[in-house]
Amino acid sequence: MCLAIPGKLISVTADTDTIFRQGKVSFGGIIKEVNLSMLPEADVGDYILVHVGVAIGKVDEAEARLTFEYLEKMGETDEIMKEEKHPQ
Amino acid sequence: MKFLSEYRGPELVKKYLEQIFHVTTKRWKLMEICGGQTHSLVKNGILDMLPGQITMVHGPGCPVCVTPVSIIDEAIYLSQQPGIIVCSFGDMLRVPGSRKSLLGTKAEGADVRILYSPLDAVRLAKENPGKEIVFFAVGFETTAPANALSIVQAHQSGINNYSILASHVLVPPAMEALLSDDANEIDAFLAAGHVCTIMGMEEYYPIAEKYKTPVVITGFEPVDLLQGILLAVQQLEKGEYKVENQYARYVQREGNRLAKETMMEVFAVSDRVWRGIGNIPQSGYEVNEQYKQYNARVKFKLNLPVAEENKDCISGDIMKGLKKPFQCPNFSMSCKPEHPLGAPMVSSEGACAAYYHYASAKEQEEII
Ligand code: SF4
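Protein chains in written order, with our numbering: chain X, 428 to 515; chain Z, 102 to 469.
Okay, structure coming up:
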């Protein structure tokens, strides 16, 4: 129930400055209306985290990469980034 | 899907596991707080892959599991009153109250509906001006902003036939309650990433410091969980107790300011009873005075007797990390997802249901 899922913001509908600000978000092709009032910085094309119909966070892509680079930094080397080339 | 599949890659899972084996020299007990993490750990078989010295115990971070019988009874009572539609997230309908579940009253003819979002409940109120809509608002800090937003939206739209039955719980007071329990054996916490997306990191520094316990804010995918475990074990092996942020792609130190402001607008911190655990002071949210017309308890003058919890269910010991679901005599005997005795068997994020669906025979044997 506490699940929040990342999706791509594909359009922002009306009410751009209010608690009713909405947008359409694609979750791997499934489109849902999402409230954007708590994430005014979200732009079309951004990946955002959605929980029970409300956007609560925006992905920080630089930080996202660190999870993949962390082991390399610990002295490991491998092509662990290859997964990233095949996003669904 | 981007930002999900990358964190499930078997190669990276293997690498992280190797590192965990490499750094672990002693026995450690780690608790993941959130039921979503429990579900992911069990479903992905991670508990079987970890070194034998590491025991994961499953915390109280499943809102369905910790909502007390008395509040379920309140929701059931409301659903039986004429003209009231009670709505909630799906899992809440199956949680047993003292005599039945919301699903039970629905079968008897009550208008009980499953909704995906509290904002849908506000819409339902607008469309049904002749009915009272009550949203059974459960959840941790992750869900509280959306539930608060529903009240703000109703207020601004002049919708008066909407209210919520709040069962909101807060993570940090529960962590403190567990850590200050004499029986506590938890060496480190994986804190819940989505709770921290809202709340940020600040609340955890005093806890890590006071109880000398590492806290690693962690995500939900296999790679997230393994990195979280690795960071926690590295700290433990070095004798450190810091707050670290594995989930920095979503968690900023200050959290989501607007979400926090929305919650503070309509909620006030209150004492809260946790199912299986008992009362924890200042561990929940209630609708505040200013918005009390949206508080179903006030609006419908609820005053039900406090209900007894089912004594056969050991969910409290499980959520305190003292026992595993297999150690409950009812597990998969009299308690199954189709006939749950306790709440952790209902939600897929409850430890008992997660073990019932996914845990391996090997694990069951080891524990029994
Ligand atoms: S198996 Fe059922 S009765 Fe036992 S602790 Fe879990 S929910 Fe409670």
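Positions of the beta carbon are idealized from the N, C-alpha and C atoms, including for glycine.
- Environment of the ligand SF4, chain-ordered: Z:C414, Z:I415, Z:S416, Z:C429, Z:N431, Z:F432, Z:C436, Z:L442, Z:G443, Z:P445, Z:M446, Z:C453, taking every residue with Cβ within less than 5 Å of a heavy atom.
- Residues I121, F122, T125 of the same chain have their beta carbon placed closer than 8 Å to that of P152 of chain Z, with the five preceding and five following residues left out of the count.
- When CB distances to chain X are screened at a threshold of 9 Å, the residues of the segment 238-270 of chain Z falling below it are V239, G240, F241, T243, T244, P246, A247, N248, L250, V253, Q254, Q257, S258, in chain order.
- S180 of chain Z carries a helical assignment under DSSP once its states are collapsed to helix, strand and coil.
- Between L463 of chain X and chain Z, the shortest Cβ-Cβ separation is not below 8 Å.
- In chain order, L280 place their CB closer than 7 Å to the CB of Y312 of chain Z, counting only its own chain and leaving out the 5 sequence neighbours on each side.
- Considering only Z:S141, Z:K103, Z:Y459, Z:V223, the residue with the shortest C-alpha distance to S258 of chain Z is Z:V223.
- For A211 of chain Z, no alpha helix (DSSP H) encloses it, and the DSSP letter there is neither H nor E.
- Close to P219 of chain Z, with beta-carbon spacing below 9 Å, are these residues of chain X in chain order: V479, G480, V481.
- Nearest CB-CB separation between N285 of chain Z and chain X: not below the 8 Å threshold.
- DSSP lists X:S453 as the beta-bridge partner residues of I458 of chain X.
- For the pair A491 of chain X and G294 of chain Z, the Cα-to-Cα distance works out to about 14 Å.
- According to the DSSP assignment, S416 of chain Z belongs to the alpha helix (DSSP H) that extends over 416-420.
- A contact is defined here as three or more CB-CB pairs under 8 Å, and the segment 372-385 of chain Z fails this definition with respect to the segment 357-364 of chain Z.
- Boundaries of the alpha helix (DSSP H) harbouring I308 of chain Z: 305-312, taken from the DSSP string.
- At a cut-off of 8 Å, the C-beta of E490 of chain X has a neighbouring C-beta in chain Z.
- About 13 Å separates the Cβ atoms of A452 of chain Z and P438 of chain Z, ruling out a contact at the 8 Å cut-off.
- C-alpha of Y474 of chain X to C-alpha of V407 of chain Z: approximately 45 Å in a straight line.
- Setting aside the 5 residues that flank it on each side, P441 of chain Z is surrounded in the same chain by R195, P197, V447, each with a C-beta closer than 7 Å to its C-beta; the list follows chain order.
- Around the beta carbon of V352 of chain Z, 16 or more other beta carbons sit within 10 angstroms, so the residue counts as buried.
- Counting along the chain, no alpha helix (DSSP H) covers Y263 of chain Z; the unbroken beta strand (DSSP E) around it starts and ends at 263-270.
- Of the residues Z:Y348, Z:L332, Z:R350, the one whose Cα lies closest to the Cα of Y342 of chain Z is Z:L332.
- Within a 10 Å sphere around the beta-carbon of T314 of chain Z sit 16 or more other beta-carbons, which makes this residue buried.
- Two segments are said to touch when three or more pairs of C-beta atoms, one from each, lie closer than 8 Å; by this definition the segment 246-258 of chain Z does not touch the segment 282-292 of chain Z.
- The C-alpha of K459 of chain X lies about 15 Å from the C-alpha of P219 of chain Z.
- Taken through DSSP and simplified to helix, strand or coil, R373 of chain Z comes out as strand.
- Close to chain X, meaning a Cβ-Cβ distance shorter than 7 Å, are the following residues of the segment 339-358 of chain Z: A349, R350, Y351, N357.
- The criterion of a C-beta distance shorter than 8 Å is not satisfied by V296 of chain Z and F368 of chain Z.
- The count of Cβ pairs closer than 8 Å, one atom from the segment 131-147 of chain Z and one from the segment 171-180 of chain Z, stays below three, leaving the stretches out of contact.
- In this structure, the alpha-carbon of H458 of chain Z lies about 12 Å from that of P426 of chain Z.
- C163 of chain Z has its alpha-carbon roughly 13 Å from the corresponding atom of G443 of chain Z.
- Between S268 of chain Z and the set Z:D413, Z:D372, Z:G422, the nearest pair of CA atoms involves Z:D372.
- Rounded to the nearest whole angstrom, the CA to CA distance from T139 of chain Z to I155 of chain Z is 15 Å.
- With 16 or more other Cβ atoms inside 10 Å of its own Cβ, R350 of chain Z counts as buried.
- Apart from sequence neighbours up to five positions away, the residues of its chain that approach I415 of chain Z with a beta-carbon distance below 7 Å are K424, C429, ordered along the chain.
- Around the beta carbon of Q391 of chain Z, fewer than 16 other beta carbons lie within 10 angstroms, which makes this residue exposed.
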